[in-house]
Amino acid sequence: MAEHVLTPQAEREPPASKASARGLLQRKCACGANAGGSGECETCAAQHQLQRHASRPVTPQTGLPASVGTTLERTGRPLDADTRHFMEDRFGSDFGSVRIHDDSAAAASARDVDAHAYTVGQNIVFADGQYQPHSESGRHLLAHELAHTVQQQGLQRAGISSLADQGPDYQRLEREADFAADRVMSGQPLPNGVLSQGGPRLSRKPATPTVTPPAPAATPAGATPAAEEKDPAPGFTAEYETSTYNRSFSLTSSEVPVQVSGSVSKTQADYEVEKLVLPAQKGPYALALCNKPYRPLTAVFEWAGGVPKPYKNIPRDPTDTLQRTWLSKYGYKLGKEAHKRWKEVGGESTFPKIPNGPTCEIDHIQELQVGGDNNADNLQVLDKVDNGSSGNLIQQQLRYLASAAFDDAKTALGNKRPKRVSLSFKGAVMQGSPKCSLCCQLGQRFNDPSITAASGAVVVDYDLIILGNPVKLKLPADKSKSIPLAGSPYAENKAAAGSIKGLTLVSFERDGKGKGRDKIRASIDGEIMHLKPNTKGGDLLLGIGPDGSLLLPKGKPSAPIKFEYTKLSPGQFTSLTVDSNGISAEGTIKPSIPLLPTLNVAMDANSFRVTKGIDKDKIKPPFPGVKVTEASIALELAPVFKPVGTLALEFGAGKKLADLKLTASADDAGLVLKGDLLVYLPGIDQAKGEVKYQGGEWSGGAHIESGQMAGKIPYVKSGSVDVWFKAGKIDASGKVNLELPGNNEATLELNYTASKWVFQGRGRIKVKNPYLKPIQASLWYDGELFIAKGQAGFAFSGLDGTVDATYENKGGKEKVYGKGDIKIDKGKAKGNIVVELHPNEKISGKGRLSYEIKKDLVATAGITIDEHQKITFDGELSFPDIKLFGRFPEKQEDHTIFQASGSIPIPGASIGNIGLKVKLWGSLGYYYYVGPGVLTGVKATVKFSPFEDNPDFSFTLQAKASIPAGGGITGRIGADVVIDAYIAEVGGGLNVSAKAGLEGKAELSSEIAYSKDKFSVDASAYIGGNVVLAAALCARVYAEAGVWRFKVRTEKSWELLGGKFDTGLGLGVRLPLHYDSVEGFRMPRLSDIKPEPSELKLDPSRMLSSLFGDANKSDEREAGSKETGLCSVKGD
């Protein structure tokens, strides 16, 4: 057997068999010990037998009270979080589904079966006060019962009457539960494999006479005796499953150990077994080797920790030692040459690795457990999963047989087990045909000199179960990921590909990680069902179960399965089930034929069909403006596409334009619709043709000659038209020749526009309107109304131009109307007018007109054509601004208002007793200007006929005369400091600038009469403002030494306040203005301009007093000292 990961001693035991187990009611005796077949422990049962022996025999409990079933029907409650966490950590199991029953009904049920607690499936029922998960004894009891839930995990609960199975298997399960509870309470985790699921019964040949059971009680005459319950046939089923590699195996045997007569002692009991059952995955050499007479099959077990343990088996050699031993059989050492040979026969470059799957293992052909050894002749190369599963199943078989032997020996020894039991097998049998997977084949090829690198990859058998039937696939042992089945060169693969009706197994998709998660790619049979191959999203990936069964879909898939039906196009299956009858699918198809709606479809292995008739209200009209009036189409999709029924369409949203009635059939390309077309053209009662839908295209139509149009279309002379279906649309073509009024010829073409038949063209038509010339028109006729629409010349009362005109003829009734923008350019009148022609041959209009009243005087106003056809210049005249005169005077002229002269004392300024004065210099003056004068906002109200040669009219102007005026003061005055007597140098200065701004505006708003081309304006304008003088910020005086206290050159400064001096004087001028439209602007004479006031007087003393009087003066200081003020700089 290959290398395994060894666990501690208690963990090495394989789990007991699984498949033969069923749900058992397991309980505790009322005394606290394990309950036996009678509901009591062995001690209590023995005591009761002794006490009752004189009265009546005791019969085992064969049925269960009704209270058990009632309790189990209740939901119970889960374990609390702390208890669950405590137990799960030690058991290594998930107790999320365990339910506790400890109410009064549960307690009554436990009393009825005479138990502290009992377990069925995942339900644990406690007697009154026995559920105490936080006490020592209560936790031990709970652990014991939880062990039973692990043993019964995944089992279907049988009928209540079948739960009372109290055979030897029952006792073994109780021993395991006691062992588990003891381990949990000691704080040790539970080893793997200690708890098995269910267990077989033991049938043995007794070494001592058995007690004859009491005769059954008599039954009343005529009554049928109760059927005696029979024990199940002896035997067991062991199971092995690896989730890592997604595989499972089982092994079944009916063998039982039989005591060797006289060999039972307290030390050892010897047993014989007819056959050791070998799993098929043990390989092709195992059966022959295990039946060699010189290789006895024996196993010895000891009783340890509540379970049988192998006793003194030959130890297994290390893995590399086993590899070297096997290679030596063929003359190789573990190294370069062995690796090279391994690769030649189909392995990887390193022995014993393979292209796909886990590394091969060295297996003991005869297991060490049954007397095998580590010699080369007992070694073979096996796949990892085959090696592990076969060894485990044999181990389970041996442990089961050892447990049965121990139980049998215990009975023979008076309820006391021997230390050991030995099992001797008379021979071996193999369950099924021997299996030789990739590693096994590579081991065979390794010693075959005919196998070289050129021999190609190994082909291995892959066992697959399809719908319960075993199938062998031939798969290359290489790194290929996708292996074709349907197109495979191997007959086995081809047969497997078609083994399900309606479904093709396309390819085997290998698990790239070598973990056994291989899949089968499948697709619905396309050829029979008319489905296009390789549709994206149409393949199925089917998993393979651990037992090799192909996992087939049942019901709704995880995602819709896409398909494309060749006759109607795409669809999807939303439900798919595969069983022995083949596939069964339901979904929808979305036809590529525009008129068909989404259809519900169903498929089975023999047919593909639309499940419901097509509702006419859901049919999509194939053309705009069409409605479906009848639909009775049914579709059989496969194996033969067979549409039947009729479809009727009506064209025209309002007025009916055509009728089309189609009959459904099919050809190789798909659906065919064919039928009669009745067309109702403008001016034509009816025209008949034929239409067909085939290959996804519409064709056909109707032809109409001019003879069918005569007398129905106005002015028709000749022509023909066609209505046709093409490229998915309905259209029309053809020409009709007309003879229009005015001997004008024209041509109309038939078109299908906006779901209507329309004749359209161009031509020249003369109409009955005195103001219009013939219309160059677009022509249009829809069967009722003839329209000519275009531009035509227009002439009316001196107005000439072009208008948009329309002529209509409906049933012989004519009317003309139109509208246009006429440009006016006649005499003094210029502008435009929008005229409208009414069907009563009247004209109206409105526009804008400019009219030159006189040169440089142009007015604009509205112009109207009234209901009497009279043109009137009406409303308010708006004139542009009228310039009266320019600026006067053109250049600035200054006028003097102040001339400096003389000396003026400086208030408060002296040097000692010598007063200081200033000598003024400079002058101030003023200037002014007027104009330009403008008349603004000139308007007039007037009404006259503008197209008369010399219209005489008068009006009153509303106007405003705007005459701006302005002026200012200019100049500068200054002063020098002087002293009456010359003592030394005395100097200083004061600068004063005069600034004054004058602004004014003359405005006159009044009515100005206009008559005989003349009007006049008179106004008086005033401009004025205040005179303000601005001075420097400081004044200073200095003197040389020798005067008063001045020892050296000394300065004295005044910080002036404000820096401005308001003279208090106002300055202004007033002047008259005159304008008339004949003489123009009359300039005002100088004598007309009056200054206000007439004379300006400036008092220098008051000015100086104002500037110096309130000023702060600084102390005298030596000239040249540093000053931070404004007066620290020498003045001018």
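Counting along the sequence shown from 1, when you hit position 754 you're at 754 in full-length UniProt numbering, and nothing is skipped either side. All C-beta atoms, glycine included, are put in the ideal place defined by N, C-alpha and C.
Note to self: Buried or exposed for A125, going by 16 or more other Cβ atoms inside 10 Å?
What the structure shows: What you label residue 125 is simply residue 125 of the sequence shown in a count that begins at 1. Looking at the sequence shown, residue 125 is not Ala but Val. Label assigned to V125: buried.
Notebook entry, point to check: Where in the segment 669 to 748 do unbroken runs of the beta strand (DSSP E), each at least 3 residues long, occur, reported from the N-terminal end onward?
Noted result: Scanning the segment 669 to 748 for uninterrupted beta strand (DSSP E) segments of 3 residues or longer gives 670 to 679, 687 to 694, 697 to 705, 716 to 726 and 729 to 740, listed from N- to C-terminal end.
Check: How should S104 be labelled, buried or exposed, when 16 other C-beta atoms within 10 angstroms of its C-beta is the threshold for buried?
Finding: Mapped onto the sequence shown, residue 104 falls at position 104. It is exposed - the Cβ of S104 has fewer than 16 other Cβ atoms within 10 Å.
Notebook entry, point to check: For the beta strand (DSSP E) that contains V758, what are its first and last residues?
Noted result: Residue numbering aside, residue 758 sits at position 758 when the sequence shown is read from its first letter. That run of the beta strand (DSSP E) goes K756 to I765.
Next item on the list: Helix, strand or coil for G793, going by three-state DSSP, please let me know.
Entry: By one-based count along the sequence shown, residue 793 stands at place 793. In this structure, G793 counts as strand in the three-state DSSP scheme.
Check: Would you say V385 touches the ligand ZN, meaning its beta carbon is less than 6 Å from a heavy atom?
Finding: Annotation note on the ligand ZN: not contained in the displayed structure, which lists no ligands.
Next item on the list: Helix, strand or coil for Q892, going by three-state DSSP, please let me know.
Entry: Within the sequence shown, residue 892 is the residue found at index 892, counting from 1. Three-state result, Q892: coil.
Check: Is the beta carbon of N374 sitting closer than 7 Å to the one on G514?
Finding: Position 374 of the sequence shown holds residue 374. Position 514 of the sequence shown holds residue 514. N374 is not a Cβ neighbour of G514, given a cutoff of 7 Å.
Check: Taking only beta-carbon atoms, is G931 less than 7 Å away from chain B?
Finding: Although the question refers to chain B, the structure presented lacks it and comprises just one protein chain.
Next item on the list: Give the straight-line distance between the Cα atoms of G96 and Q151, rounded to the nearest whole angstrom.
Entry: Walking along the sequence shown from the start, residue 96 turns up at place 96. Walking along the sequence shown from the start, residue 151 turns up at place 151. Cα-Cα distance, rounded: 15 Å.
Next item on the list: Indicate whether the contact test is met: 3 or more Cβ pairs, each with one atom in the segment 500 to 516 and one in the segment 596 to 610, closer than 8 Å.
Entry: These segments touch.
Note to self: Quick check: what's the CA-CA separation for E893 versus P964?
What the structure shows: For this step, residue 893 is matched to residue 893 along the sequence shown. For this step, residue 964 is matched to residue 964 along the sequence shown. The alpha-carbon atoms of E893 and P964 are separated by roughly 17 Å.
Notebook entry, point to check: If we count Cβ pairs, one from each stretch, closer than 8 Å, do we get three or more for the segment 272 to 288 versus the segment 428 to 437?
Noted result: Taking 8 Å as the limit for Cβ pairs, the verdict is that the segment 428 to 437 does touch the segment 272 to 288.
Check: Looking at C-beta atoms only, is the number of pairs between the segment 768 to 782 and the segment 815 to 828 that lie closer than 8 Å three or more?
Finding: Touching, yes, given that three or more Cβ pairs across the two stretches are closer than 8 Å.
Checklist line | Beta-bridge pairing of Y565 - partner residues as DSSP gives them | finding: As a working note, residue 565 is residue 565 in the sequence shown. The partner list for Y565 (beta bridge, DSSP) reads L531 and S569.
Next item on the list: Over the uninterrupted alpha helix (DSSP H) stretch that includes I822, give me the two end residues.
Entry: Numbered from 1 along the sequence shown, position 822 holds the residue referred to as residue 822. Per DSSP, I822 belongs to no alpha helix (DSSP H); it is in the beta strand (DSSP E), K813 to K826.
Note to self: With the cut-off set at 7 Å, would you say G831 and G847 are in Cβ contact?
What the structure shows: Counting from 1 along the sequence shown, the entry for residue 831 is found at position 831. Counting from 1 along the sequence shown, the entry for residue 847 is found at position 847. Contact: yes.
Item checked: Per-residue burial, G700 [other beta carbons within 10 Å of its own, 16 or more giving buried] -> Here residue 700 is taken as the residue at index 700 of the sequence shown, counted from 1. Looking at its Cβ environment, which holds 16 or more other Cβ atoms inside 10 Å, G700 is buried.
Next item on the list: Please go through the same chain and pick out, in chain order, the residues whose beta-carbon is closer than 7 Å to the beta-carbon of A117, but skip the five residues on each side of it.
Entry: Here residue 117 refers to the residue found at position 117 of the sequence shown. Closer than 7 Å at Cβ, skipping near neighbours: R27, K28, A110, I124, V125, F126, A127, Q130, L141 and E145.
Check: Short check: CB of P597 to CB of L576, under 7 Å?
Finding: Taking the first residue of the sequence shown as position 1, residue 597 is located at position 597. Taking the first residue of the sequence shown as position 1, residue 576 is located at position 576. Going by C-beta atoms, P597 is not nearer than 7 Å to L576.
Item checked: Nearest neighbour of I362, chosen from T411, G443 and N313 [CA to CA] -> Stepping through the sequence shown from its first residue, residue 362 is reached at position 362. Looking only at T411, G443 and N313, the smallest Cα-Cα distance to I362 is reached by G443.
Item checked: Option nearest D114 by Cα separation, candidates V626, L64 and V628 -> Sequence index remark: in the sequence shown, residue 114 carries index 114 (1-based). Selected option, being the one with the closest Cα: L64.
Notebook entry, point to check: Hey, quick one: how far does the beta strand (DSSP E) through T325 stretch, first residue to last?
Noted result: Within the sequence shown, numbered from 1, the residue matching residue 325 stands at position 325. No beta strand (DSSP E) contains T325, which is instead part of the alpha helix (DSSP H) from T319 to S328.
Next item on the list: Would you mind reading off the limits of the beta strand (DSSP E) that contains R295?
Entry: Along the sequence shown, read from residue 1 onward, the residue named residue 295 stands at position 295. Where R295 is concerned, there is no enclosing beta strand (DSSP E), given that its DSSP letter is neither H nor E.
Next item on the list: May I ask you to report which of helix, strand or coil DSSP gives K661?
Entry: Residue 661 sits at position 661 when you count from the first residue of the sequence shown. It is a strand residue.
Item checked: Contact set for K384: own chain, Cβ-Cβ below 6 Å, skip 5 residues either direction -> The residue you call residue 384 lines up with position 384 of the sequence shown. These residues qualify, in order along the chain: P358 and E361.
Note to self: List, from N- to C-terminal side, the beta strand (DSSP E) runs of 3 residues or more that fit wholly inside the segment 467 to 527.
What the structure shows: Runs found: 469 to 476, 482 to 484, 503 to 509 and 519 to 524.
Note to self: So, at 7 Å on beta carbons, what are the nonlocal neighbours of A223 in its own chain, with the 5 sequence-adjacent residues on each side left out?
What the structure shows: On the sequence shown, position 223 is the one that residue 223 refers to. Confidence is the limiting factor: at A223 the pLDDT is only 40, short of 50, which leaves the residue's position unreliable, though a coordinate-based value still follows. Result list for A223: empty, nothing under 7 Å.
Margin query: Which residue wins for smallest C-alpha separation from D478, given the options T267, H148, K329 and E344?
Written below: As a first step, residue 478 is located in the sequence shown; it is residue number 478 there, counting from the start. D478 has its Cα closest to that of E344, out of T267, H148, K329 and E344.
Notebook entry, point to check: Mapping DSSP to helix, strand and coil, what is Y851?
Noted result: Position 851 of the sequence shown, counted from the first residue, corresponds to residue 851. Strand at Y851.
Notebook entry, point to check: Where does L423 fall in DSSP's three states?
Noted result: Here the question's residue 423 lines up with position 423 in the sequence shown. In the structure shown, the three-state DSSP call for L423 is strand.
Check: Exposed or buried, what is H639 when buried is set at 16 or more other beta-carbons lying within 10 Å of its beta-carbon?
Finding: Indexing the sequence shown from 1 puts residue 639 at position 639. It should be pointed out that residue 639 corresponds to Pro in this sequence rather than to His. Residue burial annotation: P639 is exposed, with fewer than 16 other C-beta atoms found within 10 angstroms of its C-beta.
Margin query: Given this structure, state the Cα-to-Cα distance separating Y565 from G235, to the nearest angstrom.
Written below: Position 565 of the sequence shown, counting from 1, holds the residue named residue 565. Position 235 of the sequence shown, counting from 1, holds the residue named residue 235. Their backbone Cα atoms lie some 55 Å apart in a straight line.
Notebook entry, point to check: In the DSSP assignment, what are the bridge partners of L649?
Noted result: Along the sequence shown, one-based indexing puts residue 649 at 649. L649 is bridged to V628 and L660.
Next item on the list: Quick one: measure Cβ to Cβ for V260 and E274, integer angstroms, because I've assumed they're closer than 8 Å.
Entry: By one-based count along the sequence shown, residue 260 stands at place 260. By one-based count along the sequence shown, residue 274 stands at place 274. Taking a contact as a CB-CB distance under 8 Å, the pair V260 and E274 does not count as one, their CB atoms being some 13 Å apart.
Next item on the list: Report yes or no: do three or more beta-carbon pairs, one from the segment 452 to 464 and one from the segment 297 to 306, lie closer than 8 Å?
Entry: No contact exists between the segment 452 to 464 and the segment 297 to 306.
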